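Participant:
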Amino acid sequence: MSEYETIIGLETHIQLNTTTKIFCSCKADSWDDPPNSNICPVCTGLPGVLPVLNERVVEKGALLAAAMQAEIQPVSYFDRKNYFYPDLPKGYQISQYDQPLARGGFLDLPMPEGYTRRVAIHKLHIEEDAGKTVNEDGQRLIDFNRCGVPLVEMVTGPDLRSAEEAAQYLMRLRQLLRWLGVSEADMEKGHLRADANVSIRPEGADYLNPKTEIKNVNSVVSLRDAINAEVERQINQVEGGGQIEAWTLDWDDNAGVLRKMRSKETEADYRYFREPDLLPVRIDEIQREEILAELPELPLERRARFVEQYELPEYDADILTGERGLSDYFETAAATYGSDPKRVSNWVMNDVLRLINDRELLAEELRLTPEHLAEIINLVDASTINTSTGKSLLEKVEDSGQSPAEIVEEEGLGVVSDEDAIREIIVSVIEANPDQVATYQSGKTTIVGWFVGQVMKQSRGKADLQLTRSILEELLTK
Amino acid sequence: MQIYELPADMLARLIRTREISAVEALESVLGRIAEVDGRPGSLNSSDDDPEDNERVHAFINLTPDRARIQAEEIDRRTAAGEDPGPLAGVPFTVKDIFCVKDTPSTAGSKILANFVAPYTATPVSRMEAAGGVMLGKVNLDEFTYGSSNESSAFQPSPRNPWDLTRVPGGSSGGSAAAVAAGEGMLSLGTDTAGSIRQPAAFCGVVGMKPTYGRVSRYGLIAFGSSLDCPGPVAGNVTDAALMMNTIAGPDKRDGTAANMPVPDYTKDLKVGVRGMRIGLSSEYFRITYFDPVTGEFDQQPIPEEIESAVLSAAGYLAQMGADIVEDVPMPHTKYGVPVYFVVSRVEAASNLHRYDGVKYGYRTPDSVDYLPELYRKSRAEGFGVQSKLRILMGMYVSAAQYSEQYYNRALRVRTLIRNDYEEIFDPEGEHRLDALLTPTTPTTAFPIGEVYGDSVLMQYADQFTVPANHAGVPGLSIPAGFAGDGLPIGVQLLGPDFSEAKLLQIGMAYEMATQGEEWRRQIPRIE
């Protein structure tokens, strides 16, 4: 395989998370709704209706463009893409063609191997989604709910060099979309869909060979598998003396195989022309600045800053910036805690993340606030509680919403470091277990651990560990 | 005088003051319709009924029950001391290219013959909200594709009330014929290349194409979306102004509707024309035909009677104090029809995509097991020849390999046509015109069957009206006497964007100046 280079470009469709559709006031998200329940004369293309642009779609599209470092165009246009299909009720899709919302831009992919792949964006445009066709019992059923759902289409250059890079692109894009709050980017729900253009060429060559297009890839894993399968097929084809034809392929996720949908000798002619029912989309300097002002620090920027400012390992920084809410959580906790950000990072990555995953919450939804977390770490640092109490406190705060201090107080969870109290418990343990004392005294001193456990059990975990150990050793060797 | 002969303005006043009831007015008009309209257009008319040649046939669907409910409601409100609005009890018709909830909305096509709209077009609902009583839907060219109404799938097509062997013009032929024949005082039409103004001229009534975007297109079944303008057909200028007041204005359902306040068009209607600059252009006094093979053009003067009607109108306006500016250059006027052939066809072909036999409208009764076959058969059987011609040409000139040569080029010429108007109406420019005065049409109404079949020649009926659609500027056609053959002649006033009020003022001045003339007292005889 080593003498071939893989060339991949991705075309992604991103469903924006606006409340209403792009050209009418129907609800955009129909995931839980029965077919044809969120439809109206406009999105079903009845005679005489007109589209009216939802400004939120432009704003969200432009925000994404800004985050991709693309140039937001002062004027862009909608065009009609004409073709016949039953789930396209107007017989044309309202899209953008030669004057899209934004041009240029790129996304950097830090690869696990340590290098960074820069992927150029050719164009970014907004458009309406079509409906859904379902074949059932020899009948073709059409659900128009999805008609008019706002999409951003983003096309990359042929810049990706492996299935792994393509997978990274999709993961980084998904992270960015959620970070910006422009899309739920749930691939299972089709919020983020990708088509992959794949070709191979001899290592070192600078020309592009005919490519195939893989459609219907709806998860990161499928994208990786589908591309790998296609690259293998292309190499076998070329090695066997064959040629690559410009096919369109369909990825069958269940069977894990590619199927040929059609040959693609010539592009279909969609007879694009300006949509006369919509005015040009104008974004003036003021609006542009408003959009840019909304642009948050981006995931990779924040990741680099975490390494720099908090001296975190890249691994930590990457996990903590996986979602914007989590990274905010960490920063607030670290700021409240004051020193040793790595200690806060460990707590967040090990314990808070587990809580988030177990309870299927977002960091910003936790009742355990970052201030609470800092307080708990402080309590542990001050030996008011021990580490295991600290960890169980996380759950208790999340369950009750009470502050850690309140819970420690109410439940008497404070560490017992009163020597007399601990000595009293130890004496009673020693008296109750003469056999174990004998074992210890016969030289098998490792049994001291068992005694520690007994003491902890009686003190409900509050006994100061070090003190317990030293008193135990003192009394047992007597 | 019968109630059906009253102008809308006067009738509304009498109904608001309860001197006439809305029900009385409705019954008078329904009586007139029963008397003169004959059988409505239908898909399966046998061709040869000699009586058809003695009737107007404006309607496709008369909805008297719906109208009676509306009229009774108007009377209930006036009785309760409420004001039903400026169109109180005025019976009006709607060109069957607008959707009206729960009524068939056919576009004059077999493909939509069974389509019942689930919503109402904005201009129609505005007229009803102003107290208007909708009588029903009037005939048109299929999808408005024509200038004679002969292409309607619903036959017999409307006749010209002044001469029942002639066409009423089109595509708002049913509208103009209805108003001229006393079948409703007002009619809502559409104008894509002259489709309000040309039939208004042919039928001796007033028709206005407003500025593009002045009246919402929501609910108008689209032809050329960048050209289509809903507008009034009325018996006189005052009624057209009254109707403009109700239908114009922003609409949150139409993004291309102008977001500008609507003036009261009836308010200063009689201010006169003193000091106004009104232009005449020689480009509007000749007809230009392009040779389809060589591309060379051949120019012929328009009929002398039409030219003198325009010059006579200019004379009246000059007498009332207007400055008449002659020799105004409008060099791109002659390209109006060729550009229209390209632009409108591209938009039409795309707008017709949705009629595929899948969701609504006509579907082939044949069983098909292949989806494209369903499309082909449904469309082949459902569309008439004019639709098919527009689809073929629209598909051709927008195809990837031809669009630069045709469509994009046409768009550039369209800009040049727009520039002609901008120059003459520029308040700082050389001409500084308030309006351009032209003939509405190069001929009077032609005999049924004479032009139909020659799609190119038919299109030249729009030569003087279509440039305003390309430019988006408003135009008003008003009656200006009769030709020797007894058919009405119309003159047209064109103005800059949103100058409807001024065009109506000029029209009003001319109407008042000619009030005493013999021709004003002529009425169409239908017997």
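Protein sequence lines, in the order shown, are assigned to chains A and B. Quick note: to get my numbering, add 95 to the position in the first sequence (first position is 1). Quick note: to get my numbering, add 6 to the position in the second sequence (first position is 1). Glycine included, C-beta positions come from ideal geometry on N, C-alpha and C. Remember, predicted model here, so these are calculated numbers, not experimental data.
1. Give me the Cα-Cα distance between K116/A and I308/B, rounded to the nearest whole angstrom.
2. Can you give the beta carbon distance from R296/A to I102/A, rounded, assuming they're within the 8 Å contact cut?
3. Just verifying my parser: in three-state terms, what is the DSSP assignment at C235/B?
4. To the nearest angstrom, how far is the alpha carbon of G487/B from that of G496/B?
5. Would you say D364/A faces chain B, with C-beta separation under 8 Å as the test?
6. Going along the region 96-128 of chain A in order, which residues come within less than 7 Å of chain B, judged by CB to CB distance?
7. Give the single residue among E260/A, R273/A, D301/A whose Cα lies nearest to the Cα of V315/A.
8. Give the residues from the region 368-384 of chain A that approach chain B closer than 7 Å (Cβ to any Cβ), ordered along the chain.
9. Where do the N-terminal and C-terminal ends of the beta strand (DSSP E) with F65/B fall, by residue?
10. For A405/B and chain A, any beta-carbon pair shorter than 8 Å?
11. If you draw a straight line from the C-alpha of E429/B to the C-alpha of A467/B, how long is it?
12. Have a look at M399/B and R366/A and give me their C-alpha separation to the nearest angstrom.
13. Can you grab the Cα-Cα spacing for the pair G301/B / F470/B, in whole Å?
14. Provide the residue(s) that pair with Q382/A in DSSP beta bridges, ordered along the chain.
15. When DSSP labels each residue in this structure, what does G459/B get in the three-state scheme?
16. Quick one: which residues of the region 336-362 of chain B get their C-beta closer than 9 Å to a C-beta of chain A? List them in chain order.
17. Expressed to the nearest angstrom, what Euclidean distance is found between the alpha-carbon atoms of P529/A and L407/A?
18. Classify S478/A: buried if its beta carbon has 16 or more other beta carbons within 10 angstroms, exposed otherwise.
19. Note down, in chain order, each residue of its chain lying with its Cβ closer than 8 Å to the Cβ of E418/A, except the 5 sequence neighbours on either side.
20. Per DSSP, what kind of secondary structure is M96/A in: helix, strand or coil?
21. Across the region 173-188 of chain A and the region 285-292 of chain B, are there enough close Cβ pairs to call them in contact, namely three or more that are closer than 8 Å?
22. For a contact defined as C-beta to C-beta under 8 Å, what are the partners of P124/B on chain A?
23. For Q234/A, count neighbouring Cβ atoms within 10 angstroms of its own Cβ and tell me buried if that reaches 16, exposed if not.
24. Going along chain A in order, which residues have a C-beta closer than 8 Å to the C-beta of I227/B?
25. How would you label T572/A, buried or exposed, when you count the other beta carbons within 10 angstroms and need 16 or more for buried?
26. Kindly indicate which residue of E353/B, V299/B, F504/B has the alpha-carbon position closest to the one of I231/B.
27. If T113/A and N149/A are in contact, beta carbons under 8 Å, what's the gap, nearest whole angstrom?
28. For chain B, find out if any of its Cβ atoms is closer than 8 Å to the Cβ of R175/A; answer yes or no.
29. Roughly how many angstroms separate the alpha carbons of P344/B and N59/B, rounded to a whole number?
30. Give me the Cβ distance between K215/B and G237/B, rounded to the nearest whole Å; I'm assuming they're in contact under 8 Å.
31. Could you list the residues in the region 96-119 of chain B with a C-beta less than 9 Å from some C-beta on chain A, going in chain order?
32. For D375/B, which of helix, strand or coil comes out of DSSP?
33. Sorted by chain position, which residues of the same chain lie with C-beta nearer than 7 Å to V211/B's C-beta, five sequence neighbours on each side aside?
34. Where in the region 26-103 of chain B do unbroken runs of the beta strand (DSSP E), each at least 3 residues long, occur, reported from the N-terminal end onward?
35. Can you list the alpha helix (DSSP H) stretches of 4 or more residues lying completely in the region 139-191 of chain A, in chain order?
36. Under 8 Å, do L318/A and L255/A count as touching if we go by C-beta distance?
Facilitator: This is what the structure holds:
1. Counting from 1 along the first sequence, the entry for residue 116/A is found at position 21. Counting from 1 along the second sequence, the entry for residue 308/B is found at position 302. Straight-line Cα distance between these residues: approximately 52 Å.
2. The residue given as residue 296/A occupies position 201 in the first sequence. The residue given as residue 102/A occupies position 7 in the first sequence. That belief holds up - the Cβ atoms of R296/A and I102/A are roughly 6 Å apart, short of 8 Å.
3. Counted from its first residue, the second sequence places residue 235/B at position 229. Of the three classes helix, strand and coil, the one that applies to C235/B here is strand, per DSSP.
4. As a working mapping, residue 487/B is identified with position 481 in the second sequence. As a working mapping, residue 496/B is identified with position 490 in the second sequence. Those two C-alpha atoms are separated by around 8 Å.
5. Residue numbering aside, residue 364/A sits at position 269 when the first sequence is read from its first letter. So yes, D364/A belongs to the interface.
6. none
7. The residue labelled residue 315/A in the question sits at position 220 within the first sequence. Here the closest residue by C-alpha is E260/A.
8. F368, P371, D372, L373, L374
9. Numbered from 1 along the second sequence, position 59 holds the residue referred to as residue 65/B. Counting along the chain, the beta strand (DSSP E) containing F65/B begins and ends at 65-68.
10. Working through the second sequence from its first residue, we reach residue 405/B at position 399. Output row for A405/B: interface = yes.
11. Taking the second sequence and counting its residues from 1, the one referred to as residue 429/B is at position 423. Taking the second sequence and counting its residues from 1, the one referred to as residue 467/B is at position 461. Each residue's Cα considered, the two are about 25 Å apart.
12. Here residue 399/B corresponds to residue number 393 of the second sequence, with the count starting at 1. Here residue 366/A corresponds to residue number 271 of the first sequence, with the count starting at 1. When rounded, the distance between both Cα atoms is 13 Å.
13. Translated into the one-based positions of the second sequence, residue 301/B becomes position 295. Translated into the one-based positions of the second sequence, residue 470/B becomes position 464. So the alpha carbons of these two residues sit roughly 20 Å apart.
14. Mapped onto the first sequence, residue 382/A falls at position 287. Partner(s): none; Q382/A has no beta bridge.
15. Numbered from its first residue, the second sequence carries residue 459/B at position 453. Coil, per DSSP.
16. V352, E353, A355, S356, N357, L358, H359, R360, Y361, D362
17. Counting from 1 along the first sequence, the entry for residue 529/A is found at position 434. Counting from 1 along the first sequence, the entry for residue 407/A is found at position 312. Going by the C-alpha atoms only, they are around 50 Å apart.
18. Here residue 478/A corresponds to residue number 383 of the first sequence, with the count starting at 1. Classification for S478/A: exposed.
19. Numbered from 1 along the first sequence, position 323 holds the residue referred to as residue 418/A. Taken in chain order, the residues that qualify are Q270, R273, W274, L457, A458.
20. Taking the first sequence and counting its residues from 1, one reaches residue 96/A at position 1. With a pLDDT of 45 at M96/A, under the threshold of 50, the modelled position of that residue is not reliable, and no figure is offered here.
21. no
22. Position 118 of the second sequence, counting from 1, holds the residue named residue 124/B. Correct list: P136, L141.
23. Counting from one through the first sequence, the residue named residue 234/A turns up at place 139. Exposed, because fewer than 16 other Cβ atoms sit within 10 Å of the Cβ of Q234/A.
24. In the second sequence, counting from the first residue as 1, residue 227/B sits at position 221. In chain order: P142, G143.
25. The residue labelled residue 572/A in the question sits at position 477 within the first sequence. When all chains shown are included, T572/A counts as exposed.
26. Position 225 of the second sequence, counting from 1, holds the residue named residue 231/B. According to the sequence displayed, residue 231/B carries Ser and not Ile. If we check each option's Cα against that of S231/B, E353/B comes out closest.
27. On the first sequence, position 18 is the one that residue 113/A refers to. On the first sequence, position 54 is the one that residue 149/A refers to. Rounded, the Cβ-Cβ distance is 6 Å, consistent with contact.
28. The residue given as residue 175/A occupies position 80 in the first sequence. Yes, R175/A lies at the interface with chain B (some Cβ there is under 8 Å from its Cβ).
29. Taking the first residue of the second sequence as position 1, residue 344/B is located at position 338. Taking the first residue of the second sequence as position 1, residue 59/B is located at position 53. Using only the alpha carbons, I get a separation of about 34 Å.
30. For this step, residue 215/B is matched to residue 209 along the second sequence. For this step, residue 237/B is matched to residue 231 along the second sequence. The Cβ separation is near 5 Å, so the contact holds.
31. I103, F104, C105, S111, A113, L118
32. Counting from one through the second sequence, the residue named residue 375/B turns up at place 369. Of the three classes helix, strand and coil, the one that applies to D375/B here is coil, per DSSP.
33. Indexing the second sequence from 1 puts residue 211/B at position 205. Excluding positions up to five away in sequence, the list reads A182, V185, A186, V239, A240, G241, P485.
34. 65-68, 97-101
35. 150-162
36. Locating residue 318/A in the first sequence gives position 223, counting from the first residue. Locating residue 255/A in the first sequence gives position 160, counting from the first residue. Not in contact: L318/A and L255/A (Cβ atoms no closer than 8 Å).
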